[in-house]
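Protein sequences, first through last, are from chains A and B.
Under my numbering, the residue at position 68 of the first sequence is numbered 68, and the numbers go up by one with no gaps.
Under my numbering, the residue at position 63 of the second sequence is numbered 181, and the numbers go up by one with no gaps.
Number of protein chains: 2
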Amino acid sequence: MECQTKDFGQEYKAEMRAVRDSMDVLNGKWKIPILSSLCYYHKRRFSDILKDSVGISNRMLSKELKELEINKLVERTIIDTQPITVEYKLTEHGKTLRTLINHLTDWGIAHRKVITGK
Amino acid sequence: MECQTKDFGQEYKAEMRAVRDSMDVLNGKWKIPILSSLCYYHKRRFSDILKDSVGISNRMLSKELKELEINKLVERTIIDTQPITVEYKLTEHGKTLRTLINHLTDWGIAHRKVITGK
DNA sequence: CTGAATCCTCTGCGATACTG
DNA sequence: CAGTATCGCAGAGGATTCAG
């Protein structure tokens, strides 16, 4: 594989911005665990995601879900029970992350082999 | 695309670990700019990468390069000039990152379209 | 049950100065 | 030139408590 971009000026800056956009979305300790939970259970309640993402606090979960919603990756639905419950699910756009996460997974596995030699 | 993993227990945990491995390597403000510089210029000196990665401090560059070297993504070669210079380049393993970065770029572009609508 | 509010700690990162 | 050493701040994230 040729390891070059055509132009280290223009195109390079655009690429940097795009990669940063992706990283910003995925960044932090909890984004991917949360997304994975929503990916598996197509609908999931707050307290359930809390259990799936082992170790997270409600403060963090709340914050992260809000960001994911702002980024149009997750949809929030209030269910009018007593007491109120809330359901979260991936948007169509959110589902496209699955592919990206798969790539990250694959490279991570290959990388671990290189580092640990196994 | 079906958005599921086969098993939310076993396989899920392995995937989480792999993704985190990838993210750890790429994490932080400067890893990708540095890698991109090395990707374009197949060999590059410390002071040059410093200029490529606009805004980075020598302290940070030094730290990041060290981490990349530990992760076997980058190779360091001391050139015995006066004063000494040092050349960095991607390892074979490091070059495999290009593909991953491309995926991150592509998704970042698509994501920006969704968010900004343009 | 689903958060919001507070408080506190720890880490990433910038600025600057110094060394071989 | 290629780093290392020190300092300081801002933001990420944990624990706990409160509210609708």
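We put the CB at the ideal spot given by N, CA and C, even for glycine.
Contact under 8 angstroms by Cβ, residue i with residue j
{"i": "A/H111", "j": "B/H221", "result": "no"}
{"i": "B/K207", "j": "B/E193", "result": "yes"}
{"i": "A/L120", "j": "A/N58", "result": "The question about residue 120 of chain A has no answer, for chain A in this structure spans 1 to 118."}
{"i": "B/L218", "j": "B/L191", "result": "no"}
{"i": "B/N189", "j": "B/V232", "result": "no"}
{"i": "A/D21", "j": "B/G226", "result": "yes"}
{"i": "B/W148", "j": "B/S171", "result": "yes"}
DSSP state of residue i mapped onto helix, strand, coil
{"i": "A/V25", "result": "helix"}
{"i": "B/L191", "result": "coil"}
{"i": "A/K89", "result": "strand"}
{"i": "A/I78", "result": "strand"}
{"i": "B/K124", "result": "With a pLDDT of only 49 at B/K124, under 50, the local geometry of the prediction cannot be trusted, and no value is derived from it."}
{"i": "B/T223", "result": "helix"}
{"i": "A/R112", "result": "helix"}
{"i": "B/Y130", "result": "helix"}
{"i": "A/M1", "result": "Residue placement at A/M1 cannot be trusted, given a pLDDT of 43 that sits under 50; what the coordinates show is reported in the next sentence. Coil at A/M1, not helix or strand."}
Under 8 angstroms by beta carbon: chain B residues contacting residue i
{"i": "A/M16", "result": "I150, P151, S154"}
{"i": "A/K72", "result": "V232, I233"}
Amino acids of chain A, ordered along the chain, whose beta-carbon sits closer than 8 angstroms to that of residue i
{"i": "B/L144", "result": "M23"}
{"i": "B/L218", "result": "H103, L104, W107"}
* To do: Assess, as a yes-or-no matter, whether the region 149-168 of chain B is touched by the region 128-135 of chain B under the definition of 3 or more beta carbon pairs within less than 8 angstroms.
  => no
* Counting pairs of Cβ atoms below 8 angstroms between the region 77-87 of chain A and the region 43-52 of chain A, do you hit three or more? -> yes
* **Against chain B: residues of the region 83-99 of chain A by CB proximity under 8 angstroms** => L90, H93, K95, T96, L97, R98, T99
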